[in-house]
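Heads up: the sequence lines are chains R and A, in that order.
Residues in the first sequence are numbered from 1 upward in steps of one, following this note's numbering.
Residues in the second sequence are numbered from 1 upward in steps of one, following this note's numbering.
Notes to accompany the following structure.
Number of protein chains: 2
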Amino acid sequence: VSFIGSGNVATHLAMGLQAAGIELQEVYSPTKINAEIFADKFGCKPVPDIGLISDNADLYLIAVPDDEIRRASEMLPSLKGIVAHTSGITSLNSLSKKNKQAVFYPLQTFTKDRPVDLSKVPVCIESNNHDTVGSLSELAGKISKKVVIIDSDKRKFLHLAAVMVNNFTNHLYHIAQEMLEKENIDFELLLPLIAETAGKVQDISPVNAQTGPAKRKDSLTIDKHLELLANDPEYKELYRLLTAQIIKKYHE
Amino acid sequence: VSFIGSGNVATHLAMGLQAAGIELQEVYSPTKINAEIFADKFGCKPVPDIGLISDNADLYLIAVPDDEIRRASEMLPSLKGIVAHTSGITSLNSLSKKNKQAVFYPLQTFTKDRPVDLSKVPVCIESNNHDTVGSLSELAGKISKKVVIIDSDKRKFLHLAAVMVNNFTNHLYHIAQEMLEKENIDFELLLPLIAETAGKVQDISPVNAQTGPAKRKDSLTIDKHLELLANDPEYKELYRLLTAQIIKKYHE
Chain R
1 VSFIGSGNVA THLAMGLQAA GIELQEVYSP TKINAEIFAD KFGCKPVPDI GLISDNADLY
61 LIAVPDDEIR RASEMLPSLK GIVAHTSGIT SLNSLSKKNK QAVFYPLQTF TKDRPVDLSK
121 VPVCIESNNH DTVGSLSELA GKISKKVVII DSDKRKFLHL AAVMVNNFTN HLYHIAQEML
181 EKENIDFELL LPLIAETAGK VQDISPVNAQ TGPAKRKDSL TIDKHLELLA NDPEYKELYR
241 LLTAQIIKKY HE
Chain A
1 VSFIGSGNVA THLAMGLQAA GIELQEVYSP TKINAEIFAD KFGCKPVPDI GLISDNADLY
61 LIAVPDDEIR RASEMLPSLK GIVAHTSGIT SLNSLSKKNK QAVFYPLQTF TKDRPVDLSK
121 VPVCIESNNH DTVGSLSELA GKISKKVVII DSDKRKFLHL AAVMVNNFTN HLYHIAQEML
181 EKENIDFELL LPLIAETAGK VQDISPVNAQ TGPAKRKDSL TIDKHLELLA NDPEYKELYR
241 LLTAQIIKKY HE
């Protein structure tokens, strides 16, 4: 496998692939020093120009920002191996047709210096070629226990849902932290609740896991909360919107 | 300890107290059969009338809906023991002054038939009496490693923050599930991401854990997501609001 891109996604995938005994060949990054650091870390070769990448890999993984995927795929030379991007929201067709197009999308949030157990991360595979799907699924099966074949249209919804349960949820954590710090309350007090909230839906459907004032339509408590948010019009609006949606789910 | 109320909070606290070797005396519930089931489960005595509860407990825990706490405390007889409610949002002063007033608030989401490890659950204690704070803290320390003394004004913010990271987060899970099911995509694919999102902030501050299109101000992806939500005006509004708030956090 060779990499185009050397950021978080590339780094975590490279770790997973290497741990599974797969050889990493080359890496290209528009920022030369990043390619060198990556190459050093994984014992592969940094390539100074994307057009000079060698034809010796079975798979070229493009892990660059979404809006650079098309251009990167076009700048690659003609290759025997598969060229796959790693994006949730980008369609298969964004890749240049000159090579074998595929998608290899790991459904997880990757943060620098935080190891992730890839074996539990679903890898979403797509290609317009049956053999390519087969080879990629086999490779994905070496790093993850959960390999799914899913087309671009469905993958977009999966990506949107991922943003909701990850980015938006993390934003709620962020708001909670801000609010508590303003009141000199330790955010750590919320950590067991945060863990249990995510833990619960591993076993129970979210619709059955819900608790709290909105679910109970407890307007006394809701009004008290809105009062606490009197000086935060944006969070107050968010509170109102989410509360109204939850009430609607359980009382209409 | 005797209980007023026999719902989720009462049941989970009773399990924790009993496991810590604390004797349960009596239980009162306005629904007689619930008191009997609870009494059966914990080997204590059901009391048919709140005014007849015995004076033999060190602590009376009121675990009833928030708007019934005041009335329940007023209907209790005069007691030597402490009378504590278990609510996050209700102030200490809501309790009748005829008995020793206190708060014993376990910061967790409790669901029927789902065991919770109380040793990790913060218990928030309050009283206007120094000795009562001491006795309650000692008792709380028998079921939890995290006992904090916190007044009613601060506890309200803690409760609001808890609603955000629990109820609102669970609602996001719910929306994601709905959306995926409509597209025939298995919600289970999101579970590792949900677990990692909550896992990350156990170690990293939410502000540093954030990833995704809003954080990157990636309007191309954001527009694609809004398009997918074209038929869901309410979720689209929620998406817009949360995205705008995240962008503001990282780009203003």
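Glycine residues also receive a C-beta, built at the ideal position from the N, C-alpha and C atoms.
Which partner residues does residue i have in the DSSP bridge list?
i         : result
Ser2(A)   : Tyr60(A)
Ser127(R) : Ala102(R)
Ile149(A) : Ile125(A)
Glu26(R)  : Lys45(R)
Could you tell me the distance, in whole angstroms, from the CA atom of residue i to the CA atom of residue j?
i         : j         : result
Pro122(R) : Tyr235(R) : 33 Å
Val207(R) : Leu242(A) : 21 Å
Ser2(R)   : Ile62(R)  : 9 Å
Gly141(R) : Gly134(R) : 11 Å
Lys248(A) : Arg216(A) : 11 Å
Ser127(R) : Val27(R)  : 23 Å
Gln18(R)  : Ile150(A) : 50 Å
Gly43(A)  : Gln25(A)  : 8 Å
Thr169(A) : Thr197(R) : 8 Å
Leu107(A) : Ser137(A) : 15 Å
Ala10(R)  : Phe157(R) : 23 Å
Ala72(R)  : Ile50(R)  : 8 Å
Asp153(A) : Tyr60(A)  : 23 Å
Ser87(R)  : Tyr250(A) : 22 Å
Arg155(R) : Leu76(R)  : 25 Å
Phe38(A)  : Thr31(A)  : 11 Å
Glu183(R) : Leu238(R) : 20 Å
Leu288(A) : Asp40(A)  : Shown here, chain A extends from 1 to 252; a query on residue 288(A) therefore has no answer.
Met179(R) : Lys120(A) : 22 Å
Asp67(A)  : Leu118(A) : 25 Å
Asn231(A) : Asn93(A)  : 48 Å
Ile185(A) : Gln177(A) : 9 Å
Ile278(A) : Gly7(A)   : One cannot answer for residue 278(A) here, as it falls past the ends of chain A, which runs 1 to 252.
Glu36(R)  : Lys224(R) : 56 Å
Ser29(R)  : Cys124(A) : 51 Å
Phe187(R) : His85(A)  : 23 Å
Ala14(R)  : Ile22(R)  : 9 Å
Pro48(R)  : Ala244(A) : 38 Å
Pro233(R) : Leu139(R) : 50 Å
Asn34(R)  : Pro46(R)  : 9 Å
Leu229(A) : Leu229(R) : 28 Å
Thr227(R) : Glu181(R) : Thr is not the amino acid found at residue 227(R); the sequence shown has Glu there. Going from the Cα of Glu227(R) to the Cα of Glu181(R) covers about 18 Å.
Pro192(R) : Thr132(A) : 26 Å
At which residues does the alpha helix (DSSP H) containing residue i begin and terminate?
i         : result
Ile185(R) : First-last for Ile185(R): undefined, no H or E at that position.
Asp203(R) : Leu191 to Asp203
Val207(A) : Pro206 to Ala209
Gly21(A)  : Per DSSP, Gly21(A) belongs to no alpha helix (DSSP H) and is neither H nor E.
Lys248(R) : Pro233 to His251
Ala230(A) : Premise fails: Ala230(A) is in no alpha helix (DSSP H) and is neither H nor E.
Arg70(R)  : Ile69 to Met75
Arg216(A) : Pro213 to Arg216
Since residue i is in the beta strand (DSSP E), which residue starts that stretch and which ends it?
i        : result
Val83(A) : Ile82 to His85
Assuming residue i and residue j make a contact with CB atoms under 8 Å, what is their CB distance in whole Å?
i         : j         : result
Tyr105(A) : Val201(R) : At roughly 24 Å, the Cβ-Cβ gap does not stay under 8 Å, so Tyr105(A) and Val201(R) are not in contact.
Ala214(A) : Ile246(A) : 4 Å
Glu74(A)  : Ser91(A)  : With a Cβ gap of about 15 Å, Glu74(A) and Ser91(A) do not count as contacting.
Val64(R)  : Gly5(R)   : 4 Å
Arg240(A) : Ile204(R) : Their Cβ separation, rounded to whole angstroms, is 30 Å, which puts Arg240(A) and Ile204(R) out of contact at 8 Å.
Lys264(A) : Asn129(A) : Nothing about residue 264(A) can be read from this structure; chain A reaches only from 1 to 252.
Ala209(R) : Thr111(A) : 6 Å
His159(A) : Ile89(A)  : 5 Å
Val103(R) : His12(R)  : That belief does not hold up - the Cβ atoms of Val103(R) and His12(R) are roughly 17 Å apart, past 8 Å.
Thr211(R) : Thr109(A) : 5 Å
The ligand FMN heavy atoms versus the CB of residue i: any closer than 7 Å?
i         : result
His130(A) : Summarising the ligand content, the structure contains no ligands, and the ligand FMN is consequently not present.
Exercise. Quick one: any contact between the segment 161-176 of chain R and the segment 144-152 of chain R, if contact means 3 or more CB pairs under 8 Å?
Worked result: no
Exercise. Is there contact between the segment 63-81 of chain A and the segment 47-55 of chain A, where contact requires at least three CB pairs shorter than 8 Å?
Worked result: yes
Problem set entry | Contact the segment 218-231 of chain A vs the segment 186-201 of chain R: 3+ CB pairs below 8 Å | no
For this session: Anything in the segment 93-115 of chain A with a Cβ closer than 8 Å to a Cβ of chain D? List those residues in chain order, please.
Result: Of the chains in the structure shown, none is chain D; the protein chains are R and A.
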